[in-house]
Amino acid sequence: MKPRTPSYLEKVLASGHLAVTAECGPPRGSNSNVIVKKALGIKEYVDAINVTDNQTAVTRLCSLASVVHLKLAGLEPVLQMVVRDRNRIALQSDILGAASFNIHNILCLSGDHQSFGDCPDAQNVFDIDSMQLVSMVRHMRDNGRFISGDKINGPPKMFVGAAANPFADPFEIRAARLAKKVEAGAEFIQTQCVYNVEKFALWLEQVRQRGLHEKVYILAGVTPLKSAGMAKYMKNKVPGMDIPDGIIKRMAGVPKKSQPEEGIRICVETIERLKEEEGISGFHIMAIEWEDRVPEIVERAGLFPRPRVEQ
Amino acid sequence: MIVAELKPLQEIADSVAQYGKVDVVACGGCVSVCLTGGLKSAEELRRELSHPKYYMGRPPLFQVQSIQRQCEKDFVRSYFTPSPGTGAVLSMACGAGVQTLAEAFNKLPVIPAMNTTFLGSLDGPGLWTEKCHGCGNCVLGLTGGICPVARCAKRLLNGPCGGSSEGKCEVGGHLNCAWHLIIERLKSLGRLEDYDRLFPVKDWSVDKAGGPRSLGRLRPSY
Ligand code: SF4
Ligand code: SF4
């Protein structure tokens, strides 16, 4: 696929390399150094850095300001945007704001329900959904028009992504749902973290049957587990998360102080295993409040050094 | 059907404590069917509210009355006369009924006894569940007769989200995922291909976003 935007991430993918992205969570305060420092620490090991948008509905420094800080520090950010908190006016306006700072990647999401966060009594917006956001950004970029049809002077030039969770239910429509996202205009996909490799492979098989892997770049999501406790918590408390008992047993089977190392090992093995799958274009590492271990994961998974692609 | 439930007793008591006499007015419409605001419930509320434990001073004197449909001005005007000496009306109707009463008696405080909650249906003995938000542009024909606007916690027109798990919504254990239900229903109708259709953005101007709505030949005066 030929690149259609100035996005560096898109160029890496288009050149046929396995791409590596990582996620950084903004702080719960206004000190931008926190996120810039996290991002600079992994700069050489990733092609782009996602910044989460009030993830799990907990109020934080906004993703838009955060990606601007990263951009000004010379990094390639991916702006995550959820439709939970903004209507179509605010979304379009924020997209233009990001474009004005030459932010060239966006990940369109629904967002966790506000009941999970620090303001469970908040009203939500959900004016449009994540698929409609995908097609709105594509419309703004490709047709140079707002959703209203009005002309945009200086449309955004963004590489448009969406999420996919192969582990959510009903499983049978998960590939069909990806097809809808592709039809809406998604150009890259970052998946929910993979622990259940067999189920993921099954989903990928359905994706290949539909030929979707040739229309969209799929980056498999991985999250290193820090402890057996974290694994159990995620299995039981995070909706749509699939952690097989085997993984939990493996984590619990080593002494507490070796569990972080075991978690990293599982993560590296998962990447190694998925590299062989046709249709995987890269990896998205979500090391939650553990960003400093990203370089080690990338290195051990044989994904370092990162390619240098002509800008 | 409009569903409403009784406010906490202490909250109701606090809102009427300053009055010597209060009319408790039941409604014979929806709230009577969902067994929360009909005549029987009003009698019960009168008994409960008369208990001194809710008040610093003396409890007000309560009288029960009933109106067939509190949301119709004609019914209110023709069939309801406040008891002599009444200081306030405690309405057991939905929000529409409370406001109709308030409009009819502009010198009399009208206080809600209920929290109006949703448009729903009777799913089992005594179990009412939310089914419709009155969005002004019904999509049920395309979603197997299950409403994503009222029954998906994120109002997704292109669901299910990544939090749908074993038929349940990410929001909480007991809530069914509306999109799971939609897919099951499309399957049993043999119309799973309907799922492949991308829903365009919705026009919310006919929903509450466009301001209060009305139906009928006369121009509303709000
Ligand atoms: S689509 Fe709108 S009108 Fe139809 S049931 Fe849902 S909320 Fe009600
Ligand atoms: S789990 Fe289902 S009902 Fe709940 S928000 Fe997601 S799609 Fe909607």
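One line per chain: the protein sequences are A and B, in this order. All residue numbers for the first sequence refer to the numbering used here, where the first residue is 1455 and numbers rise by one. All residue numbers for the second sequence refer to the numbering used here, where the first residue is 3 and numbers rise by one. The beta carbon of each residue, even a glycine, is placed where N, CA and C say it ideally should be. Source: prediction; values computed, not measured.
At a cut-off of 7 Å, would you count S166 (chain B) as near ligand 2, judging by its Cβ distance to the nearest heavy atom?
Along the second sequence, one-based indexing puts residue 166 (chain B) at 164. For ligand 2, at least one heavy atom lies less than 7 Å from the Cβ of S166 (chain B).
Distance between beta carbons of S1735 (chain A) and L1673 (chain A), contact taken as under 8 Å:
For the purposes of this step, residue 1673 (chain A) is taken as residue 219 along the first sequence, with counting starting at 1. For the purposes of this step, residue 1735 (chain A) is taken as residue 281 along the first sequence, with counting starting at 1. The C-beta distance from L1673 (chain A) to S1735 (chain A) rounds to 6 Å, short enough to fall under 8 Å.
P1531 (chain A) Cβ short of 7 Å to ligand 2 heavy atom set
Here residue 1531 (chain A) corresponds to residue number 77 of the first sequence, with the count starting at 1. No, the beta carbon of P1531 (chain A) sits no closer than 7 Å to any heavy atom of ligand 2.
Residue-level contact to chain B via CB, S1569 (chain A), 8 Å cutoff
Taking the first residue of the first sequence as position 1, residue 1569 (chain A) is located at position 115. Interface residue, yes.
Any Cβ of chain B within less than 8 Å of the Cβ of N1619 (chain A)?
Position 165 of the first sequence, counted from the start, is the residue given in the question as residue 1619 (chain A). So, interface residue.
Where Q20 (chain B) falls, given that 16 or more other Cβ within 10 Å makes a residue buried:
Taking the first residue of the second sequence as 1, we reach residue 20 (chain B) at position 18. The residue is exposed, with fewer than 16 neighbouring Cβ atoms inside 10 Å.
Since L63 (chain B) is in the beta strand (DSSP E), which residue starts that stretch and which ends it?
Mapped onto the second sequence, residue 63 (chain B) falls at position 61. Looking at the DSSP string, the run of the beta strand (DSSP E) that includes L63 (chain B) is L63 to I69.
Closest residue to V33 (chain B) among B:V100, B:K204, B:C140 and B:S17 (Cα-Cα distance):
For the purposes of this step, residue 33 (chain B) is identified with residue 31 of the second sequence, where counting begins at 1. Closest option to V33 (chain B), Cα to Cα, is B:V100.
Compute the minimum distance between the beta carbon of P1574 (chain A) and the heavy atoms of ligand 2, and state whether it is under 7 Å.
Start at 1 with the first residue of the first sequence, and residue 1574 (chain A) comes out as number 120. Not one heavy atom of ligand 2 falls within 7 Å of the beta-carbon of P1574 (chain A).
Quick one, which of A:I1489, A:L1515, A:N1619 and A:C1516 has its alpha-carbon nearest L1529 (chain A)'s?
Numbered from 1 along the first sequence, position 75 holds the residue referred to as residue 1529 (chain A). Cα-wise, what sits closest to L1529 (chain A) is A:I1489.
Taking the straight line between their C-alpha atoms, what separation do you get for P1531 (chain A) and V1505 (chain A)?
If you number the first sequence from 1, residue 1531 (chain A) lands on position 77. If you number the first sequence from 1, residue 1505 (chain A) lands on position 51. Their backbone Cα atoms lie some 7 Å apart in a straight line.
Taking Cβ positions, are F1613 (chain A) and Q1646 (chain A) nearer each other than 8 Å?
Within the first sequence, residue 1613 (chain A) is the residue found at index 159, counting from 1. Within the first sequence, residue 1646 (chain A) is the residue found at index 192, counting from 1. Not a contact, by the Cβ cut-off of 8 Å.
Mind checking whether the beta-carbon of G136 (chain B) lies closer than 7 Å to any heavy atom of ligand 1?
Here residue 136 (chain B) is taken as the residue at index 134 of the second sequence, counted from 1. Yes.
Just reading off the alpha helix (DSSP H) that Y1687 (chain A) is part of, what are its end residues?
As a first step, residue 1687 (chain A) is located in the first sequence; it is residue number 233 there, counting from the start. Its alpha helix (DSSP H) spans residues A1682 to K1691.
Kindly examine ligand 2 and report whether one of its heavy atoms sits closer than 7 Å to the Cβ of G161 (chain B).
In the second sequence, residue 161 (chain B) corresponds to position 159, counting from 1. A distance criterion of 7 Å places the beta-carbon of G161 (chain B) in contact range of ligand 2, judged by its closest non-hydrogen atom.
Which residues bound the beta strand (DSSP E) around Q1509 (chain A)?
Along the first sequence, read from residue 1 onward, the residue named residue 1509 (chain A) stands at position 55. Segment: none, Q1509 (chain A) is in no beta strand (DSSP E) and carries neither H nor E.
Quick one: give me the first and last residue of the alpha helix (DSSP H) that C1768 (chain A) is part of.
The first residue shown for chain A is 1455 and the last is 1765, placing residue 1768 (chain A) beyond what the model contains.
With distance defined between alpha-carbon atoms, name the residue in B:H176, B:V27 and B:T88 nearest to T131 (chain B).
Stepping through the second sequence from its first residue, residue 131 (chain B) is reached at position 129. Nearest C-alpha to T131 (chain B): B:H176.
According to the neighbour-count rule (16 or more other Cβ atoms, all chains shown, within 10 Å of its Cβ), is R219 (chain B) buried or exposed?
Indexing the second sequence from 1 puts residue 219 (chain B) at position 217. Exposed is the call here.
Proximity test, T142 (chain B) beta-carbon vs ligand 1 heavy atom, cut-off 7 Å
Indexing the second sequence from 1 puts residue 142 (chain B) at position 140. It should be noted that the sequence gives Leu, not Thr, for residue 142 (chain B). Yes - ligand 1 has a heavy atom lying nearer than 7 Å to the Cβ of L142 (chain B).
Cα separation between K1711 (chain A) and I1606 (chain A)?
Locating residue 1711 (chain A) in the first sequence gives position 257, where the first residue counts as 1. Locating residue 1606 (chain A) in the first sequence gives position 152, where the first residue counts as 1. For K1711 (chain A) and I1606 (chain A), the distance between alpha carbons rounds to 55 Å.
Beta bridge counterpart(s) of Q1534 (chain A) as assigned by DSSP
Here residue 1534 (chain A) refers to the residue found at position 80 when the first sequence is read from its first residue. According to DSSP, which records beta bridges pairwise, Q1534 (chain A) is partnered with A:L1561.
Exposed or buried, R71 (chain B), counting other C-beta atoms within 10 Å across all chains shown (16 or more means buried)?
Position 69 of the second sequence holds residue 71 (chain B). Here R71 (chain B) is buried. Its C-beta has 16 or more other C-beta atoms within 10 Å.
Does ligand 1 have a heavy atom nearer than 7 Å to the CB of C149 (chain B)?
The residue labelled residue 149 (chain B) in the question sits at position 147 within the second sequence. C149 (chain B): yes, Cβ under 7 Å from ligand 1.
Under 9 Å (Cβ pairs) to chain B, residues found in the region 1624 to 1639 of chain A:
Under the 9 Å Cβ criterion, the region 1624 to 1639 of chain A contributes P1624, E1626, I1627, A1630, R1631, A1633, K1634, K1635, E1637 and A1638.
Reference E74 (chain B); option with closest CA among B:A98, B:G89 and B:L158
Stepping through the second sequence from its first residue, residue 74 (chain B) is reached at position 72. Ranking B:A98, B:G89 and B:L158 by Cα distance to E74 (chain B) puts B:A98 first.
S207 (chain B): contacting residues in chain A (beta-carbon distance under 8 Å):
The residue given as residue 207 (chain B) occupies position 205 in the second sequence. Chain A residues near S207 (chain B): none, gap ~11 Å exceeds 8 Å.
Chain-order list of residues whose beta-carbon lies under 6 Å from that of A1493 (chain A) (same chain, five-residue window excluded):
The residue you call residue 1493 (chain A) lines up with position 39 of the first sequence. So the list reads C1478, I1503, L1524 and L1529, once near-sequence residues are dropped.
Can you list, in chain order, the residues of its chain whose CB lies under 6 Å from that of D196 (chain B), leaving out five sequence neighbours each side?
Residue mapping note: residue 196 (chain B) aligns to position 194 of the second sequence, counting from 1. Only L188 meet the Cβ criterion.
So with Cβ pairs under 8 Å, would you call S1681 (chain A) a contact of chain B?
To locate residue 1681 (chain A), count along the first sequence from 1; it is residue 227. No, no contact with chain B.
Counted within 10 angstroms of its Cβ, other Cβ atoms place R215 (chain B) as buried (16 or more) or exposed:
The count along the second sequence starts at 1 and reaches residue 215 (chain B) at position 213. It counts as exposed.
How would you label H1558 (chain A), buried or exposed, when you count the other beta carbons within 10 angstroms and need 16 or more for buried?
On the first sequence, position 104 is the one that residue 1558 (chain A) refers to. It counts as buried.
At which residues does the beta strand (DSSP E) containing I113 (chain B) begin and terminate?
For the purposes of this step, residue 113 (chain B) is taken as the residue at position 111 of the second sequence. From DSSP, the beta strand (DSSP E) with I113 (chain B) extends over V112 to P114.
I'd like to know whether the C-beta atoms of K170 (chain B) and C179 (chain B) end up nearer to each other than 8 Å.
Within the second sequence, numbered from 1, the residue matching residue 170 (chain B) stands at position 168. Within the second sequence, numbered from 1, the residue matching residue 179 (chain B) stands at position 177. Closer than 8 Å, so yes.
One question on the structure: do R1662 (chain A) and G1733 (chain A) come within less than 8 Å of each other, judged by their Cβ atoms?
Numbered from 1 along the first sequence, position 208 holds the residue referred to as residue 1662 (chain A). Numbered from 1 along the first sequence, position 279 holds the residue referred to as residue 1733 (chain A). Between R1662 (chain A) and G1733 (chain A), the CB-CB gap stays under 8 Å.
Are three or more beta carbon pairs between the region 104 to 113 of chain B and the region 33 to 48 of chain B nearer than 8 Å?
The region 104 to 113 of chain B, when compared against the region 33 to 48 of chain B, does not touch it at the 8 Å Cβ threshold.
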